[in-house]
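Take a look at the structure below.
In this note's numbering, the protein residues as written are 61 to 230.
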């Protein structure tokens, strides 16, 4: 999984490579192996040993693709899903082959936070149609083609499932 730390130029790749048991794991970060042992973990944070060195992380907030925490008294913002908007856009029909389809469908379940268009509005390919909140992250759903909004099938505050029709664009 790719992670991007705010104010750090490059993203890094991290994964658990082996479960050693007793809350100990081998992890790989940018092709370097590390050993981690979870000492304590709850809704407020986590205490762990990384390569035999003690660390404490406190969760502050988690929203809009970011997780704010304090690790060893240093505030850090982690951008966990740097390409989530693009993935949702592509799978909603954007990016080419689905351009002829009328229906704009949700690719994630979520709650409708806002609707940026009205029926009859002209819209361009890639314009934001609505914003969904899913797992405490807000994701912009973008038009998969240019045209006009024929109908809107959602309301603010309502919930949508993956595959639900959001709008028809002709």
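From the three backbone atoms N, C-alpha and C, an ideal C-beta is built for every residue, glycine too.
Check                                                                                                                        : Outcome
For residue 227, the first and last residue of its enclosing beta strand (DSSP E)                                            : 225–229
Identity of the residues DSSP links to residue 211 by a beta bridge                                                          : 228
Where residue 195 falls: helix, strand or coil (DSSP)                                                                        : coil
Residue 214 to residue 133 span [Cα, whole Å]                                                                                : 43 Å
Buried versus exposed, by CB contacts within 10 Å (16 or more), residue 170                                                  : buried
C-alpha gap between residue 229 and residue 84, whole angstroms                                                              : 51 Å
Candidates 105, 98, 118, of which the one nearest residue 111 by Cα                                                          : 98
Same chain, Cβ closer than 8 Å to residue 164, five either side skipped, listed in chain order                               : 152, 153, 189, 201, 203, 204, 225, 226, 227, 228, 229
Same chain only: Cβ atoms within 6 Å of residue 187, ignoring 5 sequence neighbours per side                                 : 203
Beta-carbon separation (whole angstroms), residue 129 vs residue 119, contact threshold 8 Å                                  : 5 Å
Residues of its chain near residue 194, where Cβ-Cβ distance is below 8 Å and the 5 sequence neighbours each way are ignored : 168, 169, 170, 171
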